[in-house]
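**Student:** Protein sequence lines correspond, in order, to chains A and B.
Quick note, the first sequence lines up with residues -19 to 684 if you use the working numbering.
Quick note, the second sequence lines up with residues -19 to 684 if you use the working numbering.
Here you go, one structure.
2 protein chains.
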Amino acid sequence: MSALRFPNLPPSEPQGSDLLSQERARTTFSVHEMSTFLYGEVHLERQDRLLALIENDPAFDKSNRYFRGRSDRFRAALRKDHTLVKLSQKHKWTPEEYSHADMLIDEPGPFGLHRNMFMPALASQCTDEQIEKFLKPAMRYEIIGCYAQTELGHGSNVQGIETTATYIPETDEFDIHTPYLTASKWWIGGLGKAANHAVVMARLRTAGKDFGPHAFCIPIRSMEDHTLLPGVMAGDIGPKMGYNTTDNGCMWFDHYRVPRISLLAKFSNIKPGSGEYVKPPNDKLSYGTMVFVRASLVGAARHGMARAATIATRYSAIRRQFVDKDSPKKLGNQIIETPVLDYSMQQYRLFPIIAAAYACFLTSKEMMRLYHLNLKNMASGDFSLLADVHASSSGLKSLTSTMAAAAIEDCRRACGGHGFSSFSGLPLMLQDYVPNVTWEGDNYILTQQTGRYLFKSFRELVAKRKSGKFQSTQINNPTLAYLNTYLENPNLKCPVTSSAQFHNPEIQLAALGHRAASMVAQIVHALDVEKRTWNSMLVDIYNVTMAHCQLILVQNFILGIRGDLAQPDGVENPAAGLSATSKEALTDLSNLFAMHTIHKQPGEFLISGYLQDKHIAMLGESIMDLMEHKIRPNAIGFVDAFAFPDFVLNSAIGRFDGKVYEAYTEMATREPLNKTEVVDGYEEFIKPLTNPKGLKGHTMQSRL
Amino acid sequence: MSALRFPNLPPSEPQGSDLLSQERARTTFSVHEMSTFLYGEVHLERQDRLLALIENDPAFDKSNRYFRGRSDRFRAALRKDHTLVKLSQKHKWTPEEYSHADMLIDEPGPFGLHRNMFMPALASQCTDEQIEKFLKPAMRYEIIGCYAQTELGHGSNVQGIETTATYIPETDEFDIHTPYLTASKWWIGGLGKAANHAVVMARLRTAGKDFGPHAFCIPIRSMEDHTLLPGVMAGDIGPKMGYNTTDNGCMWFDHYRVPRISLLAKFSNIKPGSGEYVKPPNDKLSYGTMVFVRASLVGAARHGMARAATIATRYSAIRRQFVDKDSPKKLGNQIIETPVLDYSMQQYRLFPIIAAAYACFLTSKEMMRLYHLNLKNMASGDFSLLADVHASSSGLKSLTSTMAAAAIEDCRRACGGHGFSSFSGLPLMLQDYVPNVTWEGDNYILTQQTGRYLFKSFRELVAKRKSGKFQSTQINNPTLAYLNTYLENPNLKCPVTSSAQFHNPEIQLAALGHRAASMVAQIVHALDVEKRTWNSMLVDIYNVTMAHCQLILVQNFILGIRGDLAQPDGVENPAAGLSATSKEALTDLSNLFAMHTIHKQPGEFLISGYLQDKHIAMLGESIMDLMEHKIRPNAIGFVDAFAFPDFVLNSAIGRFDGKVYEAYTEMATREPLNKTEVVDGYEEFIKPLTNPKGLKGHTMQSRL
């Protein structure tokens, strides 16, 4: 029971639900058709089915999520993960169904890394014997594992880790040891409290040599009672900005002995007795998993942007503020405040985010297709796709997760004060999202890999062109294509003479391609001719990677609408089901995304020589015009098409029905501080100041 | 007792404390002298004195701050605020001492708004009678108040609030009422649980007319026992992204009657009986307080940037990662990883933030001086400074708080994974800081006020110049000066021919002035000639305000180092005490700030026509060179000069002594989840999966 009760009064007119109905009535396309384009029928049907199973299960109840302290939240997350395992076993879920349910529940839990890192690591590095011993029990959740790579003093540079695994020929064992405090395993999700096994990365030492980091699967807690095994110390690393429902843990080893089979031996091994090291056949194979994880993070970015944009856009259609004097809104005869979504600044803050989310939908699907294609190719010994896919997945992880973290925060701020309330759903979402910019390769460090690939491609292309044997038919990927176009004419100028011409996708791609290629050329010159150090060029390398990846996003958006993106075998092209109105609406977003991408960083485009001053002004006009006349009427339709159930949003202000203020006040009554009318602490900390003598009667008020 | 114990092992070499000592040894200037330049002796002496009082008082203990749930944190904050009041009474603190102590304790508490909004509102709007009745008891903390302006449906637009205060001639009372759910008071700091009085903004209705929002000081909770008074309902609005130690509250009124004296009547009043409204003499007077609050927020921005930069810079000098192959570091004969602060990207992420913090130190002091000068002027009827001060304080609040929020998050990310840990001190700091971009005028809305002033100034200047009577000696403020320079020669080109020439402050100011003025000219043309609507220009108006305020920051930085910023009466110019080495170091920062400000948004400078492509490349080179050779050696000195005690930072990784990993692991042992070895929930949620039959012995491990 809450001591806080709100009056039985409606919000003042117009009502949020009426406003959203009006918005929906003027949407020019079919929202369901658009959702189907984004997700496919299978996803949408599955979502309805899973939601029905989950929504009313008390283990997945979200009504207390914003109020609990960490220990309570962790216990609830443990219960949630347990129930999810049971449900998945009962319904025999596929991995896709499990992930989809997990997305709907939307709470990083203690078993998350078991599924997303521990099992994939085992799957890719176990021998057949190890599959029986480790992977199969893990799939049944008898073994619950974590992936222990990062150390207190060592993150991005895996080669720098200090934990050792020394082979002891006498007993055919490894001695796992933590030589320094900095070698303590740290940040390991699921390790703090839940896991009973760990894949530990440690320096393999044998026969007097150090062979660098290798993976070992070892027990850390007793299978009988979950106590720590002798020689292992572990615990939780404490509170974080987000992810507090996961037990990120720390661990150290005191000459902990494990049998030789602990070394995951699909690729490299130790000969028993002699301890001779057997080298892996091809170290490129491990890149596959990284590509998968990074491609998944592009998907996570589009999810984050879409979700935040849904909340902020709906709320902005309902929230009214000031009167736009040039165009006042009326309700009957009365002038009322203007919905904030009608202000050009609010549109400029939100609509490019909606467009970016759509852009990332198409690119995340394309990255997944390329991942699977490359995996298939590599299995048959063809590594031709690997470099390009690895470079673009690294760069796109960096670009899109930086975009998404900024977008979620921008959406939060665009909701004014209410975006700061947990009830908006945005703070927790942001806090759980932001580690994406750091993990799986820090966004700044990661771009060096993309840069290396671009410079190598450029140098090879230049050499080929000089050799006299070059034919443009040799160009077999889009990166080489735009680099070659630039080399054909480095002084190309944009032919646009009116703002509407920037809707031409060929112009957009030419601008983005020329800018990226000119930056590549300039950096290669600095490195190769001016002999600048790599370190001194890091800022430029970051910038060129962003430029390259922005081009990929725009390109895939354009191709995707046209139906010109390849699809995995047996998958119908989603563009085939698009009506003309949907295609037009998508083209509006694609134009906005491309033009805004250019317009917000005009410097590089001007310096590349392709655009001139006048073009920047034209782009600005074209963007404002497009947003006001084409995007604004469809804004609610665009975010409705993201198809987030209210259960996922968990937001008072982003609800589908628009009952913002009713939901918000109801949530406030549940705040634990409102359980009592007079706060705990009044007697000790307020009364001694305000009524120290304990006077009866309304002493102070009598002064009035 | 924690179940988590770390080994008695040191971090691997080199030790953090040694690294910081080496950094400090090569600082070229006196850190104490630099601190004195920033803060003055009075502040530094006061800090030592207050810290000694506070640091070991259990009421101000920070060791549990990162672990508590909201209700516990709120209770601790109540205790903290209570103790602070008692301490201030015991030691007869001045307001400056109180604020300084509050900054050191660094936790927004339930009495914060009493001091920062309630009492100032009373002080500026009370009659002499009301000072006795309200302000004096408030100063003694008998009355604890809050400032209730914002409503659930109404934020930035104060004119839109819906709460009514209807004068009842029969009883000489006001009837305070909440007509709609949207009229519920919302976000009011201190209202949720602590306050017994409120200054309520409500629409004054009398004699059949609505006179818009007016301030009323009314009791809301009983002075006897703190229960809510009949007709008032109030409570806490629930958890937020930050500020959870403050009880932001909500409130609604059911025809709540208060006597006429509740209307704060210094400027306007009601005649008893007739209810006739007596108008305020000059509504400009209320702008003074806004200027004060916004100038304070510039100070808060520099505080946030400086503090985050201190943590991230110290940690980056200790954290090592990868080997810079072109310039490997050695320890004895061993190649060791390179400190991340030696990478140009890390320098580019952090050093401009250090420079921006220094810039904001100078501008925040200058804004405070102007506030006091303007106040003095207004008291004698001189309103000549008001428009400029109001415009620049609005724009600077917007610019600097946006910069600071980004800077804190950038510093957090620059600490890699450990920046995500609460123990870094950065997440909580960010969460408590970010409302600054929304409150006291949303950063996007606020800039319209600055824009209006700029356009008006420009139009008047153009008219004066056309009138033929114009003389440049009429230019009496820096805004008119740069607008006039532009009008003298709109086609001016930058004469710089080598990168070092960008160290010339006149060139920096010319570039910033030409860019801002050309944007003003373009917008005025769009509004006046092309007849574009105000709404359609909001993005440009925001951009021009940022450009204008960046110029102010650069200008004050340059003038401040030279000793050419005016000082308040009786205050010695802090630049007078600067030695040549300190001046040189400050000039390095000033150059970095100016050049980076231009270089990160080159588009507007290119479009203004002042800079050409080649200049952008020169600026880039100059920035990288300056950072590597001049800023890097002094980086630790620059942040040490911010003089934040470890007590304020509350950061494992930003400590003065560099014992990062030792402090970090010690903090982890205090995590409540580590109190037990086996987690609460194991029996219900883990064991049924991993050992459902309750088998004894290490059953699973026997498989190994």
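Even for Gly, the Cβ is constructed at its ideal location relative to N, Cα and C.
#1: Which residue's Cα is closest to the Cα of A:S202: A:Y223, A:H177, A:T225, A:D216?
#2: So A:F154 is in the alpha helix (DSSP H); what residue range does that whole segment cover?
#3: Can you tell me where the beta strand (DSSP E) holding A:I538 begins and where it ends?
#4: Could you give the first and the last residue of the continuous beta strand (DSSP E) run that contains A:V686?
#5: Counting Cβ pairs closer than 8 Å, one from the region 630 to 644 of chain B and one from the region 289 to 302 of chain B, do we hit at least three?
#6: DSSP three-state call for A:S401: helix, strand or coil?
#7: Assign A:R393 to one of three DSSP states: helix, strand, or coil.
#8: Residues of chain A with a CB under 9 Å from the CB of B:P38: which are they?
#9: Let me check understanding here. Comparing Cα to Cα, which of B:A337, B:H398, B:D620, B:V500 lies closest to B:F537?
#10: What do you reckon, are the CB atoms on A:I298 and B:S401 nearer than 8 Å?
#11: How is B:R50 classed by DSSP in three states: helix, strand or coil?
#12: Pick out whichever of B:W73, B:V659, B:G674 has its Cα sitting closest to the Cα of A:S90.
#13: From B:G(-4) to B:V640, what does the alpha carbon distance come to, in whole angstroms?
#14: Which value, in whole angstroms, describes the spacing of the CA atoms of A:N523 and A:E346?
#15: Using C-beta distances below 8 Å, list every residue in its chain close to A:T151, excluding the 5 sequence neighbours before and after it, in chain order.
#16: Considering only residues of the same chain and omitting the five flanking positions on each side of B:R53, which have a CB-CB separation below 8 Å?
#17: Return helix, strand or coil for A:N249, following the three-state DSSP convention.
#18: Does B:V180 come out as helix, strand or coil in the three-state DSSP assignment?
#19: For B:S136 and B:S104, what's the separation of their Cα atoms in angstroms?
#20: Can you check the region -12 to 18 of chain A for any alpha helix (DSSP H) of at least 4 residues that lies completely inside it and give the ranges in chain order?
#21: Given 8 Å as the limit, is there contact between the region 141 to 159 of chain B and the region 121 to 132 of chain B, that is, 3 or more CB pairs closer than that?
#22: Determine, using beta carbons only, whether B:Y424 comes closer than 8 Å to chain A.
#23: Between which two residues does the beta strand (DSSP E) containing A:T146 stretch?
#24: Just by C-beta distance, which residues in the region 7 to 26 of chain A are closer than 7 Å to chain B?
#25: Does the beta carbon of A:N515 sit closer than 8 Å to a beta carbon anywhere in chain B?
#26: Below 6 Å CB to CB, which residues in the same chain sit around B:L58 once its five sequence neighbours on both sides are set aside?
#27: Between B:L58 and chain A, is there a C-beta pair that is closer than 8 Å?
#28: The beta strand (DSSP E) with A:I315 in it runs from where to where?
#29: Take every Cβ of the region 394 to 408 of chain A, pair it with every Cβ of the region 495 to 505 of chain A, and state whether three or more of those distances are shorter than 8 Å.
#30: Answer with yes or no whether the minimum CB distance from B:I156 to chain A is below 8 Å.
#31: Taking the Cβ atom as the reference point for each residue, do B:Q699 and B:L489 lie within a distance shorter than 8 Å?
#32: Taking 8 Å as the cut-off, decide whether the C-beta atoms of B:F627 and B:R287 are in contact.
#33: The alpha helix (DSSP H) spanning A:I124 covers which residue range?
#34: What are the boundary residues of the beta strand (DSSP E) that includes B:K708?
#35: Output needed for B:P(-13): all residues of its chain with C-beta closer than 7 Å, excluding positions within five of it in sequence on either side, in chain order.
#36: Does the beta carbon of A:S505 come closer than 8 Å to any beta carbon on chain B?
**Tutor:** Quick answer:
#1: By 1-based counting over the first sequence, the position of residue 202 of chain A is 222. With distances taken between Cα atoms, A:S202 lies closest to A:H177.
#2: Within the first sequence, residue 154 of chain A is the residue found at index 174, counting from 1. First-last for A:F154: 153 to 157, but that is the beta strand (DSSP E), not the alpha helix (DSSP H).
#3: Indexing the first sequence from 1 puts residue 538 of chain A at position 558. From DSSP, A:I538 is part of no beta strand (DSSP E) but of the alpha helix (DSSP H) over 518 to 542.
#4: Outside the shown range of chain A (-19 to 684) lies residue 686 of chain A, about which nothing can therefore be said.
#5: yes
#6: In the first sequence, counting from the first residue as 1, residue 401 of chain A sits at position 421. Here A:S401 sits in strand by DSSP.
#7: Numbered from its first residue, the first sequence carries residue 393 of chain A at position 413. If DSSP states are grouped into helix, strand and coil, A:R393 belongs with the helices.
#8: What you label residue 38 of chain B is simply residue 58 of the second sequence in a count that begins at 1. Chain A residues near B:P38: none, gap ~14 Å exceeds 9 Å.
#9: Along the second sequence, one-based indexing puts residue 537 of chain B at 557. Ranking the options by Cα distance to B:F537, first place goes to B:A337.
#10: Here residue 298 of chain A refers to the residue found at position 318 when the first sequence is read from its first residue. Here residue 401 of chain B refers to the residue found at position 421 when the second sequence is read from its first residue. Taking 8 Å as the Cβ cut-off, A:I298 and B:S401 do not qualify as a contacting pair.
#11: Here residue 50 of chain B is taken as the residue at index 70 of the second sequence, counted from 1. Three-state DSSP puts B:R50 in a helix.
#12: One-based indexing of the first sequence puts residue 90 of chain A at position 110. Going by the sequence as given, residue 90 of chain A is Pro instead of Ser. Per the Cα distances, B:V659.
#13: Position 16 of the second sequence, counted from the first residue, corresponds to residue -4 of chain B. Position 660 of the second sequence, counted from the first residue, corresponds to residue 640 of chain B. For B:G(-4) and B:V640, the distance between alpha carbons rounds to 7 Å.
#14: Here residue 523 of chain A is taken as the residue at index 543 of the first sequence, counted from 1. Here residue 346 of chain A is taken as the residue at index 366 of the first sequence, counted from 1. Going by the C-alpha atoms only, they are around 23 Å apart.
#15: Your numbering for residue 151 of chain A matches position 171 in the first sequence. R237.
#16: Residue mapping note: residue 53 of chain B aligns to position 73 of the second sequence, counting from 1. For B:R53, where only same-chain residues beyond five positions count, the Cβ hits under 8 Å are R45, N224, T225.
#17: Translated into the one-based positions of the first sequence, residue 249 of chain A becomes position 269. Three-state DSSP puts A:N249 in a strand.
#18: Mapped onto the second sequence, residue 180 of chain B falls at position 200. If DSSP states are grouped into helix, strand and coil, B:V180 belongs with the strands.
#19: Numbered from its first residue, the second sequence carries residue 136 of chain B at position 156. Numbered from its first residue, the second sequence carries residue 104 of chain B at position 124. Approximately 21 Å, taken between the alpha carbons.
#20: -4 to 5
#21: yes
#22: Stepping through the second sequence from its first residue, residue 424 of chain B is reached at position 444. Cβ-Cβ to chain A under 8 Å: yes for B:Y424.
#23: Along the first sequence, one-based indexing puts residue 146 of chain A at 166. Element bounds for A:T146: 144 to 148.
#24: none
#25: For the purposes of this step, residue 515 of chain A is taken as the residue at position 535 of the first sequence. By this cut-off, A:N515 is an interface position.
#26: Counted from its first residue, the second sequence places residue 58 of chain B at position 78. Hits under 6 Å: P90.
#27: Within the second sequence, residue 58 of chain B is the residue found at index 78, counting from 1. Chain A contact via Cβ: present.
#28: As a first step, residue 315 of chain A is located in the first sequence; it is residue number 335 there, counting from the start. 314 to 316 is the span of the beta strand (DSSP E), which, as asked, contains A:I315.
#29: no
#30: Residue numbering aside, residue 156 of chain B sits at position 176 when the second sequence is read from its first letter. Judged by the 8 Å Cβ criterion, B:I156 is not in contact with chain A.
#31: With chain B covering only -19 through 684, there is no way to say anything about residue 699 of chain B.
#32: Counting from one through the second sequence, the residue named residue 627 of chain B turns up at place 647. Counting from one through the second sequence, the residue named residue 287 of chain B turns up at place 307. Cβ atoms of B:F627 and B:R287: not closer than 8 Å.
#33: As a first step, residue 124 of chain A is located in the first sequence; it is residue number 144 there, counting from the start. Counting along the chain, A:I124 falls outside any alpha helix (DSSP H), and DSSP gives it neither H nor E.
#34: Residue 708 of chain B falls outside the range modelled here, since chain B spans only -19 to 684, and no answer is possible.
#35: Taking the second sequence and counting its residues from 1, one reaches residue -13 of chain B at position 7. Excluding positions up to five away in sequence, the list is empty.
#36: Position 525 of the first sequence, counted from the first residue, corresponds to residue 505 of chain A. Checking the sequence, you will find His at residue 505 of chain A rather than Ser. No - not a single Cβ of chain B is within 8 Å of the one on A:H505.
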